[in-house]
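Chemist: Note that my numbering has the sequence shown beginning at 803, numbered continuously upward.
Even for Gly, the Cβ is constructed at its ideal location relative to N, Cα and C.
The structure that follows is given in the form of structure tokens.
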Amino acid sequence: MPDAAPTRKPLSAPQKAMHKLGLVRDIDLALHLPLRYEDETRIVTLRGARDGQLAQIEGTVTNNEISFRPRRQLLVTLDDGTDTCTLRFFTFYPAHQKTLAVGERVRVRGELRGGFLGWTMVHPAFHAAGGELPDALTPVYPTSAQLPQAYLRKAVASGVQRADLSETLPPALLGGLQAVVRGTWTLRDALRYLHHPGPDVSLDALEDRSHPAWQRLKAEELLAQQLSQFTAKQERAALRAPALRAAPGGLHEQLLGVLPFQLTTAQRRVGEEIAHDLTRQVPMHRLLQGDVGSGKTVVAALAAAIAIDAGWQCALMAPTEILAEQHFAKLIGWLEPLLAPLGKRVAWLTGSQKKKQRGEMLALIASGEAALVVGTHAVIQEQVVFKNLALAIIDEQHRFGVAQRLALRSKVGVAEDGTEQEPHLLMMTATPIPRTLAMSYYADLDVSTIDELPPGRTPIVTKVVADSRRAEVVERIRSQVAQGRQVYWVCPLIEESEAIDLSNATATHAELSQALPGVLVGLLHSRMPVAEKKAVMALFTAGQMGVLVSTTVIEVGVDVPNASLMVIEHAERFGLSQLHQLRGRVGRGAAASACVLMYTPPDGGRLGETARERLRAMADTNDGFEIARRDLEIRGPGEFLGARQSGAPLLRFADLATDTHLLEWAREAAPVMLTQYPQAAEKHIARWLGGKAEYLKA
Ligand code: ADP
Ligand code: MG
């Protein structure tokens, strides 16, 4: 595309469609690679053809008729001198009959089927015979309805011609690259080749992307990703944050003293990693990952204690009000008695707060009297002005988008000497990030892992049962409740319609209320007014409610140690990580706990193989890392990253499962390139990421 001129013509429909596909710059077109290829370079003879072969044949039309049995169709017979082939068209136009009239010589291309009645091709591509055969395979590009393949092909070809494909890699790094891609391909060679490979290529190597041209391209893409991550890290290193140190006898020590349990070794280790980050003048950018129930909250509270003790404020943000409330209750229980003597308080902010109360909280936060602020998205709103925020903690970070993380970080504090200070950022997640993802998408993040559960937990037993055994499940609930235990029942997630979700939950609620007389059965769903949700949660938390029927609002963070049974209806509709999160709601106390994954086969059928395999994986392991790894295999990285909400560009070509060697090369090359060849690095990032690099910084 030429650059935007001041008097710009309106875009044509195919141009608009190209923009929609992100094909704006020449380089975008050059990097738009074929989905597959068609071989128009040779003509095969029918006598030498194989059944099922994609073939181009040339011959003379010997018959052309419209048949009405079994349905209306155009039948054309083609004779290539070695055999004949019937061409079938179920939709056709006058042009078909003209080009394919008896006596015409034509070239047709399609899938050959050999059968009892001889060769046939259904809906082949065709044109009049003659013209030179191309000397390269014909590329077929991913496209959309408004963008004809032929138009796109031309646009890509000229994009490849015009784009600046000069080498960005300094000679010092080329040797290493050529060793990992096994060849001396330049980007230009690789792209020209992949758009128009010669006829002798192994289509397999192109298709599975193991061909050196593909390898070169993927290595470049990974390098761009690593470069932008290292850049983000460098930029962050130039920012200033308050250096915070735990004082002997201070709040941190006092909090440790009042906890009703000993920290696990893992909690102590990650606590030290965080505490060390806080002593630095560079903003922390750390992810704390730990399986459900591993005790991340107390680690966060200890970090908060360090910040507060040093005279600064701390904010803790959770994705839902219920979760925020839980943190609030726990943190108040632990911290408030310790804060009171210092004249400090805990404040909280949520969307549903009354105006007056909110006003009071905002004043507490602005004056600095609120040393700890707990809440939902409300914490990052513009009106919230901190006196001196030093530490921002985000729970269940994958639920938040980049914009929200950036907003939280923009709440800068001011040090006593008047300088602006960025807050330290601690993100927490129970969805562990598999190693390859941590190395690529999260390369600019420091990661701490809690790899041990607090002692005294009994492992959760997971059972996979068909919905037809519902009555047995209800019996099981009855016996758990009779033993004083509590039960969650999670209703299906039907993404398209919240209304159906709700009607399912309501029906199940009615069913269980009837089946379990004398047991208080509660209902929780996302459309309930907040006050009502809180009332239901309070009853369940206090142990008065035996069974809680819920849509997935309880997915994250709810903590009721007395709950010992989790029933998930239509488990086949949930993602693995989500199932694992839900299962983690039980097994939090000493009681033996169980999770029942109930599935409903499609009408009259059996559950599909993948679905069954996924549920089996859940029954096989309680290890969050293993589950995350399998989830990544099944669903790809998009789901992990919440890419749609974050806007982070996903890798288009590289596949983390197969390209680890390229990723490792890129990780080593990126810092060298950035420090020794900064201009080349900048050019490389611009080429590959265009305007998208900004997103990666959050
Ligand atoms: P998560 O990591 O899923 O956020 P929580 O922080 O909610 O886990 O902790 C789960 C439960 O374990 C809570 O009831 C918490 O008080 C308790 N807990 C945390 N650490 C320990 C420990 N070291 N020993 C015993 N119980 C602990
Ligand atoms: Mg938690």
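(1) Anyone know if the C-beta pair for residue 1199 and residue 1230 falls short of 8 Å?
(2) Give, in chain order, every unbroken run of the alpha helix (DSSP H) that is at least 4 residues long and sits entirely within the stretch 1161 to 1243.
(3) When DSSP builds the beta bridges, which residues end up paired with residue 921?
(4) Consult DSSP for residue 1496 and reduce its assignment to one of helix, strand or coil.
(5) Straight-line CA distance for residue 889 to residue 907?
(6) Are the beta-carbon atoms of residue 928 and residue 902 separated by less than 8 Å?
(7) Between residue 1395 and residue 1195, which are expected to be in contact by the criterion C-beta below 8 Å, what is the C-beta distance as a whole number of angstroms?
(8) Taking its Cβ as the centre, do 16 or more other Cβ atoms sit within 10 Å of residue 868, making it buried, or is it exposed?
(9) Per the contact definition of three or more C-beta pairs closer than 8 Å, is the stretch 1114 to 1127 in contact with the stretch 1151 to 1168?
(10) With three or more beta-carbon pairs closer than 8 Å as the criterion, would you say the stretch 955 to 963 touches the stretch 845 to 859?
(11) Kindly indicate the opening and closing residues of the alpha helix (DSSP H) around residue 1288.
(12) Where does residue 978 fall in DSSP's three states?
(13) Is residue 1366 near ligand 1 - that is, is its Cβ less than 7 Å away from at least one heavy atom of it?
(14) Taking residue 939 as the reference, give the member of 925, 882, 997, 1306 with the closest Cα.
(15) Could you name the residues that DSSP lists as bridge partners for residue 1265?
(16) Please list, in chain order, all residues of the same chain as residue 1028 whose beta carbon is under 7 Å from its beta carbon, the five residues on each side excluded.
(17) Pull up the CB-CB distance for residue 1022 and residue 989, whole angstroms please, since I reckon it's below 8 Å.
(18) Which residues in the same chain have their Cβ closer than 8 Å to the Cβ of residue 1481, if we skip the five residues on either side of it in sequence?
(19) Just list the residues that DSSP pairs residue 880 with in beta bridges.
(20) Measure from the alpha carbon of residue 830 to the alpha carbon of each residue in 874, 1056, 957, then state which is nearest.
(21) Run through DSSP, which three-state label would residue 1367 get?
(22) Grab the span of the alpha helix (DSSP H) containing residue 1362 for me, first residue to last.
(23) Distance, Cα to Cα, residue 1351 vs residue 1369?
(24) Exposed or buried, what is residue 1088 when buried is set at 16 or more other beta-carbons lying within 10 Å of its beta-carbon?
(25) Taking the CB atoms as reference points, tell me whether residue 1349 and residue 1318 lie closer together than 8 Å.
(26) Would you mind giving the Cβ-Cβ distance between residue 1426 and residue 1093, rounded to the nearest angstrom? I have them listed as a contact below 8 Å.
(27) Could you tell me the alpha carbon to alpha carbon distance between residue 1332 and residue 1400, rounded to whole angstroms?
(28) Does ligand 1 have even one heavy atom less than 7 Å from the beta-carbon of residue 1363?
(29) What residue range is occupied by the uninterrupted beta strand (DSSP E) comprising residue 940?
(30) In its own chain, which residues sit with a C-beta less than 7 Å from the C-beta of residue 1164, not counting the 5 before and 5 after it?
(31) Expressed to the nearest angstrom, what Euclidean distance is found between the alpha-carbon atoms of residue 821 and residue 1491?
(32) Could you give the DSSP three-state label for residue 1383: helix, strand or coil?
(33) Output needed for residue 930: all residues of its chain with C-beta closer than 8 Å, excluding positions within five of it in sequence on either side, in chain order.
(34) With DSSP as the reference, please indicate the residues paired to residue 928 in a beta bridge.
Modeler: Considering the structure as presented:
(1) In this structure, residue 1199 lies near residue 1230, with their beta-carbon atoms less than 8 Å apart.
(2) Complete alpha helix (DSSP H) runs here, min 4: 1204 to 1211, 1237 to 1242.
(3) Answer by DSSP bridge pairing, in chain order: 887.
(4) Below a pLDDT of 50, predicted positions are generally treated as unreliable, and residue 1496, at 45, falls in that range; the measurement from the model is reported next regardless. Helix at residue 1496.
(5) The alpha-carbon of residue 889 is positioned some 14 Å away from that of residue 907.
(6) In contact: residue 928 and residue 902 (Cβ atoms closer than 8 Å).
(7) Taking the Cβ atoms as the reference, residue 1395 lies roughly 28 Å from residue 1195, outside the contact range of under 8 Å.
(8) So residue 868 counts as exposed.
(9) With the rule of 3 Cβ pairs closer than 8 Å, the stretch 1151 to 1168 counts as touching the stretch 1114 to 1127.
(10) The stretch 955 to 963 is not in contact with the stretch 845 to 859.
(11) Per DSSP, residue 1288 belongs to no alpha helix (DSSP H); it is in the beta strand (DSSP E), 1288 to 1292.
(12) Residue 978: helix per DSSP, three-state reduction.
(13) Every heavy atom of ligand 1 is 7 Å or more from the Cβ of residue 1366, so no.
(14) Out of 925, 882, 997, 1306, the CA that lies nearest to the CA of residue 939 is found in 997.
(15) Its beta-bridge partners are 1398.
(16) Taking C-beta separations shorter than 7 Å and ignoring five residues to either side along the sequence, the partners of residue 1028 in its chain run 1245, 1468, 1469, 1472, following chain order.
(17) 6 Å between Cβ atoms; contact.
(18) Once the five neighbours on either side are set aside, residue 1481 has no close Cβ partner at all.
(19) Residue 880 pairs with 863, 887.
(20) Cα-wise, what sits closest to residue 830 is 957.
(21) In the structure shown, residue 1367 sits in a strand (DSSP, three-state: E or B).
(22) Run containing residue 1362: none; DSSP gives neither H nor E here.
(23) So the two alpha carbons sit approximately 9 Å from each other.
(24) Result: buried.
(25) At a Cβ-Cβ threshold of 8 Å, residue 1349 and residue 1318 count as neighbours.
(26) In this structure, residue 1426 and residue 1093 form a Cβ contact; the two beta carbons are roughly 4 Å apart against a cut-off of 8 Å.
(27) Computed Cα separation, rounded: 29 Å.
(28) At least one heavy atom of ligand 1 is found less than 7 Å from the C-beta of residue 1363.
(29) Per DSSP, residue 940 belongs to the beta strand (DSSP E) from 940 to 942.
(30) Within the same chain, residue 1164 has close Cβ partners 1185, 1186.
(31) Between the alpha carbons of residue 821 and residue 1491 lies a gap of roughly 16 Å.
(32) Helix.
(33) The residues are 901, 906, 907, 908, 909.
(34) Paired residue(s): 910.
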